[in-house]
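Participant: Chains as they are written, first to last, in the numbering used here: chain A, 24 to 380; chain B, 5 to 356. Don't be surprised by glycine CBs; every beta carbon is placed ideally from N, CA and C.
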Amino acid sequence: MQGLFIKWELRAVKWQYLLLEIIIAASLVMFITSPVSASMRLQERSLYMNSSRAGDTTFYKVSFLYMSPDPIGSVELLFCNDPIPYHPCVAPEGLDVSEATLREQFGEVGFSISEQSANRLVISRTASTPSVAGKSSYEFDNIINPTNSDYAFAIRLKTHSSTDASGPQVDFGSVRGQITETIEIETQVPPMLIFCFAEEVEYNCTKTNKVHYSDMGILDPQDTLTAESQMAVGTNASGGFVIIADAPPMSAGTNTIDSPDVPTPSRPGTNQFGINLVANSSPQIGENPEGEWANAVASEDYGEPDVYKFKSGDVVAYSPNVSLMKKFTVSYILNSSPDLRAGVYTTTINYVASGRF
Amino acid sequence: MNRLKSSIMVALAAIISIGLVLPATQVDAQGSAALGFPPKKEYTIEPGKSINDTLTISNRDREEALSLSLRVVDFTFNDETGTPKLMTAEDAPRTTWSLKPFLTIPKTVTIEPGTSQTLDMNVSIPQNQGAGSFYSAIMYSTSAPDGGNVGLSASGVTLVFTRVPGEVNQSLNLEKLGAFDRKKDSYVYFATEQPDTISYTLKNEGNVAENPSGSIIIKHMFGKETVINDMNPNDSLALIGQTRRFDSCIKLKQQEVDFNGSRSEATTCTSPGLWPGLYSVKLVAHYAQNGNPTQDLEGKASFWYLPWWFIFISLIALAILSYHIWRIVRYIKSRRSGASLSKKRTSLRRKK
Numbered sequence: 024m025q026g027l028f029i030k031w032e033l034r035a036v037k038w039q040y041l042l043l044e045i046i047i048a049a050s051l052v053m054f055i056t057s058p059v060s061a062s063m064r065l066q067e068r069s070l071y072m073n074s075s076r077a078g079d080t081t082f083y084k085v086s087f088l089y090m091s092p093d094p095i096g097s098v099e100l101l102f103c104n105d106p107i108p109y110h111p112c113v114a115p116e117g118l119d120v121s122e123a124t125l126r127e128q129f130g131e132v133g134f135s136i137s138e139q140s141a142n143r144l145v146i147s148r149t150a151s152t153p154s155v156a157g158k159s160s161y162e163f164d165n166i167i168n169p170t171n172s173d174y175a176f177a178i179r180l181k182t183h184s185s186t187d188a189s190g191p192q193v194d195f196g197s198v199r200g201q202i203t204e205t206i207e208i209e210t211q212v213p214p215m216l217i218f219c220f221a222e223e224v225e226y227n228c229t230k231t232n233k234v235h236y237s238d239m240g241i242l243d244p245q246d247t248l249t250a251e252s253q254m255a256v257g258t259n260a261s262g263g264f265v266i267i268a269d270a271p272p273m274s275a276g277t278n279t280i281d282s283p284d285v286p287t288p289s290r291p292g293t294n295q296f297g298i299n300l301v302a303n304s305s306p307q308i309g310e311n312p313e314g315e316w317a318n319a320v321a322s323e324d325y326g327e328p329d330v331y332k333f334k335s336g337d338v339v340a341y342s343p344n345v346s347l348m349k350k351f352t353v354s355y356i357l358n359s360s361p362d363l364r365a366g367v368y369t370t371t372i373n374y375v376a377s378g379r380f
Numbered sequence: 005m006n007r008l009k010s011s012i013m014v015a016l017a018a019i020i021s022i023g024l025v026l027p028a029t030q031v032d033a034q035g036s037a038a039l040g041f042p043p044k045k046e047y048t049i050e051p052g053k054s055i056n057d058t059l060t061i062s063n064r065d066r067e068e069a070l071s072l073s074l075r076v077v078d079f080t081f082n083d084e085t086g087t088p089k090l091m092t093a094e095d096a097p098r099t100t101w102s103l104k105p106f107l108t109i110p111k112t113v114t115i116e117p118g119t120s121q122t123l124d125m126n127v128s129i130p131q132n133q134g135a136g137s138f139y140s141a142i143m144y145s146t147s148a149p150d151g152g153n154v155g156l157s158a159s160g161v162t163l164v165f166t167r168v169p170g171e172v173n174q175s176l177n178l179e180k181l182g183a184f185d186r187k188k189d190s191y192v193y194f195a196t197e198q199p200d201t202i203s204y205t206l207k208n209e210g211n212v213a214e215n216p217s218g219s220i221i222i223k224h225m226f227g228k229e230t231v232i233n234d235m236n237p238n239d240s241l242a243l244i245g246q247t248r249r250f251d252s253c254i255k256l257k258q259q260e261v262d263f264n265g266s267r268s269e270a271t272t273c274t275s276p277g278l279w280p281g282l283y284s285v286k287l288v289a290h291y292a293q294n295g296n297p298t299q300d301l302e303g304k305a306s307f308w309y310l311p312w313w314f315i316f317i318s319l320i321a322l323a324i325l326s327y328h329i330w331r332i333v334r335y336i337k338s339r340r341s342g343a344s345l346s347k348k349r350t351s352l353r354r355k356k
């Protein structure tokens, strides 16, 4: 037994095993000696902005629940576009807290502003352990709101045992704020959606041929009746646009010509009404969308050549964001079966241009 | 009497025949159907207060006057994107989030060629109204023509959103996160084409439309990190009850464009220059209505980007490596068999 132990000891001091032993020992020391407490996220965090109008001077109420039992000597409030604490802080455009005052405090009290800049506030007190069970609130007056309503902003919160927000943090978290009301700035262009529709339209919608119907001719089971119309659309709204086609079925009294629910080739001799927004060879009709801006496109079901579909309420073209003017040519096909009841078959398609949310 | 009946039948048959043979009746051209309007309006109004605002509608046509009828319609979501589903039927039931009772607009307007007109609108929230989101759409319609087989009419829609501040029920749940293929319209775990979009799908189970904000961090297996600082650049909304997909470009290309005589900023997704390999995606976001608790959203996902050229080169490299390993193994084996042969010979010699 003693021999075995000596053999093991001799092996243990061999240099090959030395590095491994050091790592294990260091890990054990770290686990045993490191402090038990770690940073926790502040809970029940909220921000109330008395005015959410861009550029207004107003008061903010920041509330949160202290989590760790460690003494708190200071709280740092850093105003950034991004809430993530380890990301660089970009100050919200127009925001200014350099003249802010701490007008009210509830819960854990005794704080006063000790440091401030355009986007940073530090409130301090003599370090003491939080004793209030509920959340604490701090009201800061004389804050100038950000001017950009396009993006939300965050206040990164960090609590410290030190009185100057230095050293290790105790707890952390962020609250979110957003400007919801804008002010009219003359240099800014308000979002606008431009839309026109007719048999023929100019690219920029300044002129149309004022024909708002398509006469497709006389139905014949051997023939496909065709027609075309055009629409132009564009927007500077960041959310883009959609064009929805809304229409009852093509009908004559109680008799209707059905439309395929899926893109289908033109089939003379069957009842079929369909549209698409691209150039086709069967039958030869239509044109591809005109305009260099690639954001605005025909929807998938209406953007394939030689297949046609019509379903009321479908989106026929869209752009996910800003799009300069683009012109679409809508192709219509109408087929009839030999046993279709006689009559004048009509429908009215309402093309609706809408913003996106 | 019989003669009268037969005469009526003949007349009816003639009318039907004419209907079959003749094209649909021609009608006179109507006015302009070229309009410009605001696509979205957003307000925050406290109970008991109102807002007076204006709608600027332009007639783009330089020759014809534009006559529009205006009405308020409710809408909901159409799919996982930001497409509204308009409830245009006259008898459509009012939604629980309808702004109709609070919104006042003119019924009609006529705008001279090439000019704009400013219309007054008012949103009034009653004193006893609870907090939440309310939204409807203002629809501007040109008159429908009588005639032709296919009549065409054009309408424009302004979406109007109003927040009534107060204590609300906020609940967004992260359902999906990852690389998104716009062509396939689906999330992808294994991409052979370079993904340019990271998407996340949120289910809104609260009583308020939410617009989350935050960052997405994309990390390559060898440590290269790309950060999407604004994961909701269009300030898009998840409507009440909606499962909403938000798309964020990994790399944005921004450019100034001239729209309607003014400069506007346009953004598009551009190639993010990803290396082939495994990527982890981390979403860190939050959402809150003014005065309500800030809610955190966190999620992790991963995806492979392995372009065909990389797979091809990897296969060739693997084949070359396998060949060399095989040769080394063969060499070692031949050395061993050579060594054992010489051992045998030595032992044989000793025996002798």
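Which value, in whole angstroms, describes the spacing of the CA atoms of A:Ser252 and A:Asp269?
Facilitator: Between A:Ser252 and A:Asp269, the C-alpha separation is close to 15 Å.
Participant: Three Cβ pairs or more, each shorter than 8 Å: is that satisfied between the segment 110 to 122 of chain B and the segment 186 to 206 of chain A?
Facilitator: At 8 Å Cβ cutoff, the stretches do not touch.
Participant: In angstroms with no decimal places, state the Cα-to-Cα distance between B:Val164 and B:Asp300.
Facilitator: Their backbone Cα atoms lie some 27 Å apart in a straight line.
Participant: Measuring straight from C-alpha to C-alpha, what distance separates A:Asp337 and A:Ala177?
Facilitator: Using only the alpha carbons, I get a separation of about 39 Å.
Participant: Closer than 8 Å by C-beta to B:Pro311: which residues in its own chain qualify, once you throw out the five before and the five after it? Chain order, please.
Facilitator: Hits under 8 Å: Thr196, Glu197, Gln198 and Pro280.
Participant: Indicate whether B:Ile222 and B:Ile202 have their beta-carbon atoms separated by less than 8 Å.
Facilitator: For B:Ile222 and B:Ile202, yes; Cβs fall inside 8 Å.
Participant: For B:Thr166, which residues of its own chain have a beta-carbon under 8 Å away from its beta-carbon, when the five flanking residues on both sides are left out?
Facilitator: So the list reads Glu46, Tyr47, Thr48, Ile49, Leu103, Phe106, Val127, Ile129, Ser137, Phe138 and Tyr139, once near-sequence residues are dropped.
Participant: Examine chain A for any beta-carbon lying closer than 8 Å to the beta-carbon of B:Gln30, and answer yes or no.
Facilitator: For B:Gln30, the pLDDT reaches just 41, beneath the cut-off of 50, and the residue's location in the model is therefore unreliable, although a value from the coordinates is still provided. Cβ-Cβ to chain A under 8 Å: yes for B:Gln30.
Participant: How far does the beta strand (DSSP E) with B:Cys273 in it reach, from first residue to last?
Facilitator: Element bounds for B:Cys273: Ser266 to Cys273.
Participant: Name the residue from B:Asn296, B:Lys304 and B:Tyr335 whose alpha carbon lies nearest to the alpha carbon of B:Val172.
Facilitator: When only C-alpha atoms are compared, the closest one is B:Asn296.
Participant: Does the pairing of the segment 89 to 97 of chain A with the segment 180 to 194 of chain A give three or more beta-carbon distances under 8 Å?
Facilitator: Touching, yes.
Participant: Which residue's Cα is closest to the Cα of A:Ser74: A:Lys84, A:Arg68, A:Gln66 and A:Leu357?
Facilitator: Cα-wise, what sits closest to A:Ser74 is A:Lys84.
Participant: Going by CA-CA distance only, name the one from A:Phe218, A:Gln245 and A:Asn318 that's closest to B:Ile61.
Facilitator: Closest option to B:Ile61, Cα to Cα, is A:Phe218.
Participant: Going along chain A, which residues have a C-beta under 7 Å from B:Glu46?
Facilitator: Neighbours of B:Glu46 on chain A, chain order: Thr203.
Participant: Assign B:Leu325 to one of three DSSP states: helix, strand, or coil.
Facilitator: Looking at B:Leu325 - three-state DSSP - the assignment turns out to be helix.
Participant: Is the beta carbon of B:Lys44 closer than 8 Å to that of A:Gly384?
Facilitator: In the structure as shown, chain A begins at 24 and stops at 380. Residue 384 of chain A is therefore absent and cannot be evaluated.
Participant: Against chain B, with Cβ distances strictly below 8 Å, would A:Thr371 count as a contact?
Facilitator: A:Thr371 counts as touching chain B.
Participant: Just the Cα atoms here: how many angstroms apart are B:Leu2 and B:Thr146?
Facilitator: Absent from the structure is residue 2 of chain B, since the part of chain B shown begins at 5 and ends at 356.
Participant: At a CB-CB cut-off below 7 Å, which residues of chain A make contact with B:Glu68?
Facilitator: Residues of chain A passing the Cβ test: Lys233.
Participant: Along the chain, which unbroken stretches of the beta strand (DSSP E) at least 3 residues long are found entirely within the segment 322 to 349 of chain A?
Facilitator: Runs of the beta strand (DSSP E) inside the segment 322 to 349 of chain A: 337 to 342.
Participant: Expressed to the nearest angstrom, what Euclidean distance is found between the alpha-carbon atoms of A:Val375 and B:Tyr191?
Facilitator: Each residue's Cα considered, the two are about 30 Å apart.
Participant: Counting C-beta neighbours from all protein chains within 10 Å, is the total for B:Asp83 16 or more, i.e. buried, or is it exposed?
Facilitator: That one is exposed.
Participant: If you reduce the DSSP assignment to three classes, tell me which class B:Phe314 lands in.
Facilitator: If DSSP states are grouped into helix, strand and coil, B:Phe314 belongs with the helices.
Participant: Counting contacts by CB-CB distance shorter than 8 Å, is A:Ser377 in contact with chain B?
Facilitator: For A:Ser377, the answer is yes, since a Cβ of chain B falls inside 8 Å of its Cβ.
Participant: How would you list, in chain order, the residues of chain C whose beta-carbon sits under 8 Å from the beta-carbon of A:Tyr374?
Facilitator: The structure shown contains no chain C; its protein chains are A and B.
Participant: Going by the DSSP bridge assignment, what does B:Met125 pair with across the sheet?
Facilitator: According to DSSP, which records beta bridges pairwise, B:Met125 is partnered with B:Asp57.
Participant: Quick one, which of B:Lys257, B:Ala289, B:Ala323 and B:Gly277 has its alpha-carbon nearest A:Asn318's?
Facilitator: Of B:Lys257, B:Ala289, B:Ala323 and B:Gly277, the residue nearest in Cα terms is B:Lys257.
Participant: So with Cβ pairs under 8 Å, would you call A:Ile217 a contact of chain B?
Facilitator: Chain B contact via Cβ: present.
Participant: Helix, strand or coil: which one does DSSP assign to A:Phe134?
Facilitator: Three-state DSSP puts A:Phe134 in coil, outside helix and strand.
Participant: Within its chain, find whatever has a CB closer than 8 Å to the CB of A:Asp281; leave out the 5 residues flanking it on each side and keep chain order.
Facilitator: Only Pro272, Asn294, Gln295 and Phe296 meet the Cβ criterion.
Participant: Closer than 8 Å by C-beta to B:Leu241: which residues in its own chain qualify, once you throw out the five before and the five after it? Chain order, please.
Facilitator: Closer than 8 Å at the Cβ level, and outside the excluded window around B:Leu241, lie Gly86, Phe165, Ala213, Glu214, Asn215 and Arg248.
Participant: Can you name, in chain order, every residue of its own chain whose Cβ lies under 6 Å from the Cβ of A:Ala275, other than the five neighbours on each side?
Facilitator: Gly366, Val367 and Tyr368.
Participant: Which chain B residues sit within Cβ distance under 7 Å of A:Ile107?
Facilitator: Ser219 and Val288, listed in chain order.
Participant: For the beta strand (DSSP E) holding B:Ile115, just list the boundary residues, first then last.
Facilitator: Its beta strand (DSSP E) spans residues Thr112 to Ile115.
Participant: Does DSSP put B:Ser341 in a helix, in a strand, or in coil?
Facilitator: Here B:Ser341 sits in helix by DSSP.
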